[in-house]
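Residue numbers (our numbering): 10 to 328.
We put the beta carbon where it would ideally sit given N, CA and C, even for glycine.
Please read all numbers here as calculations on a predicted model, not as lab measurements.
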Amino acid sequence: MKRLTPTIVEVVVKAPWQARKFEPGQFYRLQNFEIESPVIEGTRLAMEGLALTGAWVDKEAGLLSLIALEMGGSSRLCAALRIGEPVVVMGPTGCADRDPGEGRDGRPGGGGLGNAVLFSIGKALRAAGNKVLYFAGYKNGADVFKLDDIEAAADVIVWCSDIAPATQPRRPQDQTFVGNIVQAMVAYGEGKLGETAVPLRDADRIIAIGSDRMMAAVSRARHAVLTPYLKENHTAIGSINSPMQCMMKEVCAQCLQRQVDPETGEEIEPVFSCFNQDQQLDEVDFPNLNARLKQNSVEEKLTNLWLDYLLKKKPLLRV
Ligand SMILES: Cc1cc2nc3c(=O)[nH]c(=O)nc-3n(C[C@H](O)[C@H](O)[C@H](O)COP(=O)(O)OP(=O)(O)OC[C@H]3O[C@@H](n4cnc5c(N)ncnc54)[C@H](O)[C@@H]3O)c2cc1C
Ligand code: FES
């Protein structure tokens, strides 16, 4: 267990088989065992299954790393896991980044959560001879963690922060920008951020990783403000964070994502996101995703408040 920022923790699990099977871009389901979970005032602090991307694996040592942003009840309990405590790690699941290609320019864009996916995909893309340009978007520059790993996964990084000051680059080729990701991409495309070895227009593939609102904004901007700066026939993929439950590929159907043909606007075959989280940006029905992500909103808020109340009664040892 390691705290990376005031709201992000890293959980390293010994799970040799699950580490060996991992391919870049895949994720796991993490859960504590009910029997091991602490009880406060009669409430057992058992987690719901959490979908967490494999940040790195050490196949020799049989270790895998999961990085959790503390948002609600279950993710906040990650920090209370004890060293050596047995946990349930199902997976790897979802699809691997199936087409790293060779000698092409990739362009992931994402932020706090996106980092975990970037670590594995970015490294694999670079190893296959691609150039990776990463728009690292954060609400706040203080949320940045694992700088060395981010740098290892990208040829050029544009550090974007909604609130000033943005992270200052450590390498000469990296740049900094205050504003959102789309604004940063426009400024980069216009050449306002300076000289670059990886022009936006060379990118064959956009991979958007982050909140549904951020991915929807990138998706829309490709057909509007970003059009002049993008290659005409690039592909654009979003790493779709649908609500999930079993994550066992086509079992519970919690993760079903509505898809729409961008040409006709007609509904096409829905996708089980736990089978294939990487979906064509133009086909994802983002309003549907947003509505589905809010389906348990009341229960999630109540759980979070109840956890606040319990932790005031009896604080748990947390990293
Ligand atoms: C493919 C994928 C990869 C991801 N990778 C990462 C990552 O690397 N790092 C990261 O931080 N996040 C990642 N996420 C997002 C992460 O899984 C969610 O943010 C997390 O599940 C939310 O946890 P919480 O503590 O806020 O939710 P909680 O409120 O504890 O809920 C956890 C889950 O249980 C459901 N739930 C809660 N209450 C109920 C109820 N009463 N009835 C039914 N269901 C309920 C919730 O809707 C939610 O799905 C990923 C998501 C996906 C889909
Ligand atoms: S989460 Fe159960 S089938 Fe996808």
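The alpha-carbon of glycine 71 is positioned some 10 Å away from that of valine 21. Counting C-beta pairs closer than 8 Å gives three or more between the segment 152-160 and the segment 169-187, which meets the contact rule. At the C-beta level, alanine 60 and isoleucine 17 stay beyond 8 Å of one another. The residue among Ala161, Asp157, Asp171 and Arg135 with its C-alpha nearest the C-alpha of lysine 148 is Asp171. Serine 248 and aspartate 221 do not touch by the CB rule: their CB atoms are close to 11 Å apart, not below 8 Å. Within 7 Å of the C-beta of glutamine 192 there is not a single heavy atom belonging to ligand 1. When secondary structure is reduced to three states using DSSP, lysine 30 falls in the helix class.
Within the same chain, Tyr197, Gly198 and Tyr238 come within 6 Å of leucine 209 by CB-CB distance, once the 5 residues on both sides are set aside.
With the rule of 3 Cβ pairs closer than 8 Å, the segment 310-320 does not count as touching the segment 125-134. Going down the chain, each residue whose beta-carbon is closer than 7 Å to a heavy atom of ligand 2 shows up: Met253, Gln254, Cys255, Met256, Met257, Lys258, Glu259, Val260, Cys261, Ala262, Gln263, Cys264, Phe281, Ser282, Cys283 and Phe284. Taking non-hydrogen atoms of ligand 1 into account, the C-beta of alanine 125 is found less than 7 Å away from one of them. Apart from the 5 residues on each side of it in sequence, glutamate 43 sits with its Cβ closer than 8 Å to the Cβ of Arg53 and Ala55 in its chain, given in chain order. Here glutamate 79 carries a coil assignment [DSSP, helix/strand/coil].
Assigned with DSSP and collapsed to three states, valine 191 falls in helix. Serine 74 is not a Cβ neighbour of glutamate 32, given a cutoff of 8 Å. By the neighbour-count definition (other C-beta atoms within 10 Å, threshold 16), aspartate 183 is a buried residue.
Where valine 167 is concerned, the enclosing beta strand (DSSP E) starts and stops at 165-172.
Remark: the shortest separation between the CB of alanine 77 and any heavy atom of ligand 1 falls under 7 Å. Among the bridge pairs identified by DSSP, phenylalanine 42 is matched with none. Here methionine 256 really is in contact with arginine 38; their C-beta atoms are around 4 Å apart, less than 8 Å.
If you draw a 10 Å sphere on the C-beta of arginine 231, you find 16 or more other C-beta atoms in it, and that means buried.
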